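Heads up, the sequence shown is in the numbering used here, so the first residue is 73 and it goes up one at a time. Backbone N, C-alpha and C define an ideal beta-carbon position, used for all residues, glycine too. Note that this is a predicted model, so its numbers are computed, not measured. To start, the structure itself, in structure tokens.
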Amino acid sequence: RLRPNEWLSGDVMTGYATLLNEREARRRAVNDRRSRRHVFHSFLYAGMCNNGYEGVKRWSTKAKVDVFACSLLVFLCNVNGNHWTVVVARMRQRRIEYFDSNGGAGVAEMDMIRSYLQQEHLDKKKSPLPGVWTRRSHGTSSPQQANGVDCGVFALTVAEYVVEDMPFDFRQDD
Numbered sequence: 073r074l075r076p077n078e079w080l081s082g083d084v085m086t087g088y089a090t091l092l093n094e095r096e097a098r099r100r101a102v103n104d105r106r107s108r109r110h111v112f113h114s115f116l117y118a119g120m121c122n123n124g125y126e127g128v129k130r131w132s133t134k135a136k137v138d139v140f141a142c143s144l145l146v147f148l149c150n151v152n153g154n155h156w157t158v159v160v161a162r163m164r165q166r167r168i169e170y171f172d173s174n175g176g177a178g179v180a181e182m183d184m185i186r187s188y189l190q191q192e193h194l195d196k197k198k199s200p201l202p203g204v205w206t207r208r209s210h211g212t213s214s215p216q217q218a219n220g221v222d223c224g225v226f227a228l229t230v231a232e233y234v235v236e237d238m239p240f241d242f243r244q245d246d
């Protein structure tokens with residue numbers, strides 16, 4: 073249950089990721105030229121942090137997602153168990169981006185996702201992840217929260233806007 077002035081749980085974050093993926097599947101069914109996009113639920117990042125790649129290596133198979141056939145991957149990250157952020161892997165551009173409504177740099181989070189992609193490629197494609205990948209932290213250039221509890225709402229909104237390829241035109245007051 074959602075309550076005022078409380079953080080969103082991992083289950084709520086995962087539920088919203090599922091809704092975004094279901095909407096994406098409907099859109100691809102209508103337009104098969106639409107580039108593939110996938111939002112990983114919040115427990116993948118936690119699994120990587122706690123158990124390494126071995127703890128999550130079957131997740132893409134269970135989700136029936138070839139991450140390397142996607143143009144965009146979105147990862148919901150719970151940082152230190154008390155702050156929601158978003159890491160985006162733009163697969164065609166070979167760029168990993170970080171969005172934090174508190175303005176953090178996200179170097180460790182981007183490195184964790186890069187490690188996931190490297191190990192996933194070795195496991196599923198039997199070869200090293202090709203090319204040079206860059207990182208970009210959006211710091212305070214992405215929408216910022218004005219309190220200590222809305223990071224989950226900001227993370228989900230960023231995820232939706234990224235998947236929809238929309239400009240960030242929202243603020244705390246929205």
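So what does residue i bridge to, in DSSP terms?
| i | result |
| --- | --- |
| W156 | N150 |
| S209 | Y170 |
| V111 | V146 |
| R162 | L144 and R167 |
Report the option in the options whose CA atom is closest to the CA atom of residue i.
| i | options | result |
| --- | --- | --- |
| S199 | E96, K136 and F140 | F140 |
| R106 | S143, A218 and R207 | S143 |
| W79 | R95, T212, G220 and K197 | G220 |
| A180 | N174, G203, R164 and R207 | R207 |
| D237 | K134, R243 and R162 | R162 |
| Q217 | G175, D183 and V137 | G175 |
| T90 | D138, E126, K129 and V146 | V146 |
| L92 | Y170, K136, E232 and L201 | E232 |
| D195 | D104, R95 and D138 | D138 |
Would residue i pass as a contact of residue j if the rule is Cβ separation under 8 Å?
| i | j | result |
| --- | --- | --- |
| S132 | G82 | no |
| L148 | Y188 | no |
| G224 | W156 | yes |
| S214 | F240 | yes |
| R75 | V235 | no |
| V159 | M182 | yes |
| R166 | V204 | yes |
By DSSP, does residue i sit in helix, in strand, or in coil?
| i | result |
| --- | --- |
| H193 | helix |
| M120 | helix |
| W131 | helix |
| V221 | coil |
| R106 | coil |
| E232 | helix |
| V137 | coil |
contact_flag[the stretch 94–109, the stretch 121–134] where n(CB pairs < 8 Å) is 3 or more: They do not touch, by the three-pair rule.
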